[in-house]
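**Q** Residue numbers (my numbering), protein chains in the order written: chain G, 197 to 381; chain P, 4 to 294.
No residue lacks a Cβ here, since even glycine has one placed at the ideal position from N, Cα and C.
Handing you a structure now.
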Amino acid sequence: MTIRIKKGQTGKSILNTVIEMSGVDLSLCYQCKKCSCGCTVSNHAKSPPSEIIRRLQLGAGNELLDNDLIWSCVSCETCYARCPMGIDMVSVMDALRRMAIERKAAIPEGNVPLFNSAFLKTVKFFGRTYDLGLMAIYKIGTSSYVQDADKLPLIFMKKKIAILPSWSANRKTVKRIFKKASHGK
Amino acid sequence: MKYAYYPGCSSESSARDQHSSSMAVAKALGIEFVEIEGWTCCGATPGHQTDRVLAASLPAANLVLAQDMGLDIVVNCAACYSRLKMANYEVLNQPDMREKVGDALGSDYDGSVKVRHLVEILLEDYGLENLKTRLSHSLDGIKIASYYGCLLVRPHEVTNFDDPENPTSMDNLISAMGAESLDWPSKTDCCGNSLSLTTKSDLVVSLSDSIIGMAQAAGADCIAVACPLCQVNLDLRQIDIKKQTGRQYNMPILYITQLIGLCLGLSTEALGLNKLVIAPSNIINAVKTAA
Ligand code: SF4
Ligand code: SF4
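In structure tokens:
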């Protein structure tokens with residue numbers, strides 16, 4: 197595949213920031229594309245994982261943060277497991293997701309960042325996840341009440357959801373962890 | 004045999020049945036699970052997508068509690084298992100991470116608590132032969148596809164679970180129960196659960212569709228799983244698959260502990276079999292007294 201990066205469009209390369217945030221040496225990638233062959237979602241995203249790495253190697257800038265693989269990736273670890281050079285692509289994707297939020301790149305449909313922050317809010321508060329609270333925050337944020345609503349009666353009937361949150365006795369430690377970690381707001 | 008039991012958040016909502024069947028099986032086999040008092044969430048996917056220190060410290064908080072109990076941890080959920088093991092791995096292999104985690108927890112953690120999945124305990128500590136002598140019932144005549152998903156087996160240097168491309172742990176348990184364990188290609192595919200609650204559910208439906216379709220093509224009567232996220236996704240998504248594609252699988256998705264429980268002669272209530280969306284009546288009806 198030919199990868200074209202237009203002159204003048206890339207701006208400042210984000211390669212070093214990605215390396216710093218992920219701790220992964222991207223110069224080791226020799227484009228064998230094993231990661232892309234096994235990627236769970238490469239059929240569903242415009243770029244497979246090896247292309248993301250190649251673009252980074254070629255000096256891509258902030259525009260890479262709009263790439264749809266960043267939010268389609270399901271963190272299945274197949275790329276990492278199969279890479280002959282031991283490249284931890286999952287940490288690279290995590291770094292790109294964090295940068296996309298920080299640099300306010302376009303958040304595509306699905307709104308994973310909002311889901312993540314709703315999830316972590318309930319953990320911070322209760323020490324454990326609380327599905328109903330999580331769903332309320334997330335669904336209000338995306339106004340997507342209808343999605344999955346058809347399955348709610350079934351979910352309640354089968355008691356697949358807790359009506360009341362479970363409070364962990366160790367919430368203090370969890371609050372401390374959130375305070376110390378810089379991005380877990 | 005005694006372990007520190009980490010239930011994980013799903014044990015209180017979608018996976019109460021995995022929790023109750025694990026407890027029932029452990030009790031019937033004389034294995035003691037002591038719940039970790041004050042356990043907290045492992046952070047799951049949102050944790051590692053958000054912050055590296057957060058992702059390592061949330062699981063580590065539980066590892067420290069188990070260390071105080073002086074026991075190995077046993078985990079049911081493949082996602083929790085992966086996060087707990089990853090925390091150990093990072094603390095052991097990245098000196099700066101040990102320092103950061105220690106700072107976040109308020110005490111040093113050395114990464115030494117052993118994290119085990121229930122399947123590993125049954126095979127490695129309890130032993131297959133030992134288990135066979137305890138099975139009063141058999142699933143002879145039933146064909147089962149074991150589905151391992153992603154996080155039990157990957158990344159291998161972190162989880163060290165079985166073979167990352169062709170795991171057979173659950174298959175061995177299934178053969179011990181007298182059922183036929185199927186050779187099929189989607190054992191370690193990912194069902195996409197981490198995107199399940201977001202509005203990207205089309206993608207998740209298509210991933211689940213392909214996994215269940217493969218199992219059906221292989222002739223499976225049911226799929227055996229060892230992870231609450233896989234279970235709820237494959238079970239509940241069959242409704243969406245039907246809506247989007249017209250395909251109606253009716254494929255029961257059972258926890259491996261529910262299958263073992265049936266062969267130990269435990270009741271369907273104790274095993275939470277009524278909680279499954281796709282009723283596993285074909286499996287329950289096939290249980291016979293072992294020869
Ligand atoms: S598998 Fe590894 S070396 Fe091969 S293309 Fe992917 S990241 Fe590069
Ligand atoms: S972790 Fe993401 S990029 Fe890697 S194989 Fe899985 S879906 Fe693809």
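Kindly confirm or deny that the segment 157-172 of chain P and the segment 241-249 of chain G touch, where touching means at least three C-beta pairs closer than 8 Å.
**A** Taking 8 Å as the limit for Cβ pairs, the verdict is that the segment 241-249 of chain G does not touch the segment 157-172 of chain P.
**Q** State the CB to CB distance for the pair V220/G and V270/G, rounded to an integer number of angstroms; the pair is presumed to be in contact (CB under 8 Å).
**A** Translated into the one-based positions of the first sequence, residue 220/G becomes position 24. Translated into the one-based positions of the first sequence, residue 270/G becomes position 74. Going by Cβ atoms, the distance from V220/G to V270/G rounds to 19 Å, so no, they are not a contact pair.
**Q** With a floor of 4 residues, list each alpha helix (DSSP H) that falls wholly inside the segment 254-311 of chain G, ordered by position along the chain.
**A** Within the segment 254-311 of chain G, the complete alpha helix (DSSP H) runs of at least 4 residues are 265-268, 274-278, 285-298.
**Q** Are the beta-carbon atoms belonging to I34/P and M4/P less than 8 Å from one another?
**A** Indexing the second sequence from 1 puts residue 34/P at position 31. Indexing the second sequence from 1 puts residue 4/P at position 1. Closer than 8 Å, so yes.
**Q** According to DSSP, is S141/P helix, strand or coil?
**A** Walking along the second sequence from the start, residue 141/P turns up at place 138. Of the three classes helix, strand and coil, the one that applies to S141/P here is strand, per DSSP.
**Q** Which same chain residues, not among the five before or five after D284/G, have their C-beta less than 6 Å away from its C-beta?
**A** Residue mapping note: residue 284/G aligns to position 88 of the first sequence, counting from 1. Excluding residues within five positions, the ones whose Cβ falls inside 6 Å are V220, Y276.
**Q** Do you know offhand how far A223/P's Cα is from I124/P's?
**A** Position 220 of the second sequence, counted from the start, is the residue given in the question as residue 223/P. Position 121 of the second sequence, counted from the start, is the residue given in the question as residue 124/P. Straight-line Cα distance between these residues: approximately 26 Å.
**Q** Based on Cα-Cα distance, which residue from L176/P, L232/P, S23/P lies nearest to G136/P?
**A** Taking the second sequence and counting its residues from 1, the one referred to as residue 136/P is at position 133. The amino acid at residue 136/P is misidentified as Gly; the sequence shows Thr. Of the listed residues, the one whose Cα sits closest to T136/P is L176/P.
**Q** Give a yes or no on whether the minimum CB-CB distance between R86/P and chain G is below 8 Å.
**A** By 1-based counting over the second sequence, the position of residue 86/P is 83. So, not an interface residue.
**Q** What is the residue span of the alpha helix (DSSP H) that L176/P lies within?
**A** For the purposes of this step, residue 176/P is taken as the residue at position 173 of the second sequence. Element bounds for L176/P: 172-179.
**Q** Is the beta carbon of G152/P within less than 7 Å of some heavy atom of ligand 2?
**A** Residue mapping note: residue 152/P aligns to position 149 of the second sequence, counting from 1. No, ligand 2 has no heavy atom inside 7 Å of this Cβ.
**Q** Helix, strand or coil: how does DSSP classify A220/P here?
**A** In the second sequence, the residue the question calls residue 220/P occupies position 217. Correct three-state label for A220/P: helix.
**Q** What residue range is occupied by the uninterrupted beta strand (DSSP E) comprising I226/P?
**A** Along the second sequence, one-based indexing puts residue 226/P at 223. Looking at the DSSP string, the run of the beta strand (DSSP E) that includes I226/P is 225-228.
**Q** In chain order, what are the residue ranges of uninterrupted beta strand (DSSP E) at least 3 long that sit wholly in the segment 225-268 of chain P?
**A** You should have 225-228, 256-258.
**Q** Output, in chain order, the set of chain G residues within a Cβ distance shorter than 8 Å of A64/P.
**A** Here residue 64/P refers to the residue found at position 61 when the second sequence is read from its first residue. Neighbours of A64/P on chain G, chain order: N366, T369, V370, I373.
**Q** Would you tell me roughly how many angstroms separate the C-alpha atoms of I242/P and H140/P, rounded to the nearest one?
**A** Taking the first residue of the second sequence as 1, we reach residue 242/P at position 239. Taking the first residue of the second sequence as 1, we reach residue 140/P at position 137. Roughly 32 Å separates the two Cα atoms.
**Q** Consult DSSP for R367/G and reduce its assignment to one of helix, strand or coil.
**A** Translated into positions along the first sequence, residue 367/G becomes position 171. Correct three-state label for R367/G: helix.
**Q** So P158/P contacts chain G; which residues on that side make the cut at Cβ distance below 7 Å?
**A** As a working note, residue 158/P is residue 155 in the second sequence. Result: E273, Y276, A277.
**Q** Given that a residue counts as buried once 16 or more other Cβ atoms are within 10 Å of its Cβ, and exposed if not, what is W267/G?
**A** Against the first sequence, residue 267/G aligns to sequence position 71. By the 10 Å Cβ count, W267/G comes out buried.
**Q** Starting from the Cα of Y151/P, find the closest Cα among S25/P, F164/P, T248/P, D143/P and give me that residue.
**A** Locating residue 151/P in the second sequence gives position 148, where the first residue counts as 1. The candidate whose alpha carbon is nearest that of Y151/P is F164/P.
**Q** Which chain G residues sit within Cβ distance under 8 Å of T43/P?
**A** Here residue 43/P is taken as the residue at index 40 of the second sequence, counted from 1. Here the neighbours are V319, G323, R324, S364, N366, R367, T369, V370.
**Q** Any heavy atom of ligand 1 within a distance shorter than 7 Å of the CB on M281/G?
**A** As a working note, residue 281/G is residue 85 in the first sequence. Yes, Cβ of M281/G sits closer than 7 Å to a heavy atom of ligand 1.
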